[in-house]
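Residue numbers for the sequence shown follow the numbering used here, beginning at 131 and rising by one.
All residues carry an ideal CB built from backbone N, CA and C; glycine is no exception.
Model, not experiment: these values are computed from the prediction.
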Amino acid sequence: MADNINTRAENESLETNDPVEKAKEVWNKNGKNIALFLGVIIVAVGGFFAYKHFVKGPKEAEALDKIFTAEKYFAADSINLALNGDGANPGFVKIADSYSGTPSGNLAKYYAGVCFIKLNQNDKAVKYLEDFSTDSKQIQQRAYALLGDAYGDLGKGAEALDYYKKAANHFDADPQASSEALFRGAYLAQHVLNNKEEAIGLYKELKQKYPRTQQGFEADKYLAQLGVYNVN
């Protein structure tokens, strides 16, 4: 009898240590939860691909088609039509709002900001330009410089200076745009903010980094106005 009991115990121990049996036991205990979890993942992945191919793709194509007419008006300097549309075709404002999240919707924010600056509506320009971002360093640099202009016209010199400095350091491969942004920042610091130390630092940076640009040549004159001479 004792031998039978020991044999049965050994068999049960072997069964318990069997990986297949363990897997079955785990599934029996947690099968519903595992199935539910896997189902959620499948639905989520399927939903992502469905959104990408059946929603996002067509939306981007539609936005690209819509922005074409607005860009034509912009190129013709018809700013109001470019900004607000012509009744049949939307302008940059509506495209930016309706197609947010698409490349064309993002680009429309930049265009809208430029249009509002041309119309001297700088508060609206700031709203759209601050919401715009791009991997194109040259265009992003331009957006930063425009934000500097907009904030400057709004009388917010500190914010304007910050954006001019951002523009100056964002894309060194364009010395003309970078030197122009540095000069605007230095001039603002000197004549608007009355921050002599900041202005001197920016003029010196301008002279050091971009000596062959027009702004670099003129830096000595403005440094002399601040009492700084013979800067190498």
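Around the beta-carbon of residue 310, 16 or more other beta-carbon atoms lie within 10 Å, marking it buried. Taking C-beta separations shorter than 7 Å and ignoring five residues to either side along the sequence, the partners of residue 343 in its chain run 305, 306 and 309, following chain order.
The continuous stretches of alpha helix (DSSP H) do not include residue 217, and DSSP gives it neither H nor E. DSSP places residue 340 in the coil class of the three-state scheme, outside both helix and strand.
At a cut-off of 3 residues, not a single continuous stretch assigned as beta strand (DSSP E) sits fully inside the region 295-339. Close CB contacts of residue 274 within its chain, under the 7 Å cut and outside five residues either way in sequence, are with 293, 296, 297 and 300 (chain order). Residue 291 carries a helical assignment under DSSP once its states are collapsed to helix, strand and coil. Distance from residue 262 to residue 254 at the Cβ level is roughly 13 Å; contact not present, criterion being Cβ atoms closer than 8 Å. Your pair residue 336 and residue 312 checks out as a contact, with CB atoms roughly 4 Å apart and the cut at 8 Å.
DSSP places residue 235 in the helix class (H, G or I) of the three-state scheme. Here DSSP, grouped into helix, strand and coil, assigns residue 358 to coil. In this structure, the CA atom of residue 350 is about 36 Å from the CA atom of residue 241. When the alpha-carbon of residue 230 is set against those of 248, 211 and 190, the nearest one is in 190.
For residue 265, the closest C-alpha among the options 217, 199 and 233 is that of 233. Per DSSP, reduced to three states, the secondary structure at residue 222 is helical.
For residue 212, the closest C-alpha among the options 236, 324, 244 and 352 is that of 244.
Excluding its 5 nearest sequence neighbours in each direction, residue 360 has no C-beta neighbour in its own chain below 7 Å. Here residue 346 carries a helix assignment [DSSP, helix/strand/coil]. Counting along the chain, the unbroken alpha helix (DSSP H) around residue 254 starts and ends at 252-260.
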